[in-house]
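Take a look at the structure set out below.
In UniProt numbering, the protein residues as written are 1 to 213.
Okay, structure coming up:
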């Protein structure tokens, strides 16, 4: 028996890896504005929502932007990203992802998704796993992105489970901070020396063991 009543997963970097598609879309936008963009810069955007990421990029620009211009740039980036993810399929599921979801379901726990992507539903459909989640929270229905706890608290509330009875799964520092601020147990996917606030860290969902947390 698990001590949890629900498990809430992040999407990017946990269930699938759309990081490369985001990188390509952000790189095109940044360079169109005269901003140098590489993988090191891209690391700063991990776990940050779209407008927050745009602000970080445009902070390196030599000009200022109106709110309308920022929205237009964000929309252009998202359109490019949507074109890239249209090619996704079940082959883009990360190792152990489906097995972890099935393990949680067999244990009788509720399953949520907490993603700052406004394209979360599209990605789930492309991956063929929409029906594995009881509730999905994406950026369209929250006011504050990670590391604010709102997204995980919203997921717990809609799942009908107290935050203390939830296990949150994240690969980003901002995501882990969001889980901990929500009062949940944090399972990190990545490196312990990066995800220092996580209660437990594993390298991928291939190592997911519900009974161990």
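Think of the CB as a built atom: it goes at the ideal place given N, C-alpha and C, for glycine as much as any other residue.
Everything numeric in this text was worked out from a predicted model, so none of it was measured.
- Message: Give me the residue from 35, 200, 69 and 176 with the minimum Cα distance to residue 56.
- Response: On the chain shown, position 56 is the one that residue 56 refers to. Per the Cα distances, 35.
- Query: Between residue 214 and residue 51, which are expected to be in contact by the criterion C-beta below 8 Å, what is the C-beta distance as a whole number of angstroms?
  - Reply: Since the first residue of the chain shown is 1 and the last is 213, residue 214 is not available in this structure.
- Query: Expressed to the nearest angstrom, what Euclidean distance is found between the alpha-carbon atoms of residue 21 and residue 41?
  - Reply: Translated into positions along the chain shown, residue 21 becomes position 21. Translated into positions along the chain shown, residue 41 becomes position 41. One C-alpha to the other measures close to 15 Å.
- Scan the stretch 123–175 and note each continuous beta strand (DSSP E) run of 3 residues or more that stays entirely inside, going in chain order. 135–137 and 166–170
- Minimum C-alpha distance to residue 48 - residue among 68, 155, 138 and 80: Indexing the chain shown from 1 puts residue 48 at position 48. Comparing Cα positions, the closest option is 138.
- Query: How long is the line joining the alpha carbons of residue 202 and residue 66, rounded to whole angstroms?
  - Reply: What you label residue 202 is simply residue 202 of the chain shown in a count that begins at 1. What you label residue 66 is simply residue 66 of the chain shown in a count that begins at 1. In a straight line, the C-alpha of residue 202 is about 42 Å away from that of residue 66.
- Query: Taking the alpha helix (DSSP H) that residue 85 falls in, what are its first and last residues?
  - Reply: On the chain shown, residue 85 is found 85 positions in, with the first residue counted as 1. Taken as a continuous stretch (DSSP letters only), the alpha helix (DSSP H) holding residue 85 covers 67–85.
- Message: Once DSSP output is grouped into helix, strand and coil, what is the label at residue 52?
- Response: In the chain shown, residue 52 corresponds to position 52, counting from 1. It is helical.
- residue 185, DSSP secondary structure in three states: On the chain shown, position 185 is the one that residue 185 refers to. Residue 185 falls in the strand class under three-state DSSP.
- Message: Does the contact criterion of 3 or more C-beta pairs under 8 Å hold for the stretch 23–34 versus the stretch 125–137?
- Response: no
- Task: Counting only the same chain and skipping the five closest in sequence on each side, list residues whose C-beta sits under 8 Å from that of residue 141.
- Result: Taking the chain shown and counting its residues from 1, the one referred to as residue 141 is at position 141. Within the same chain, residue 141 has close Cβ partners 154.
- Item | Whole runs of the alpha helix (DSSP H) within the stretch 94–125, excluding any shorter than 4 residues | 97–106
- Query: What three-state label does DSSP hand residue 17 in the structure shown?
  - Reply: For the purposes of this step, residue 17 is taken as the residue at position 17 of the chain shown. In this structure, residue 17 counts as coil in the three-state DSSP scheme.
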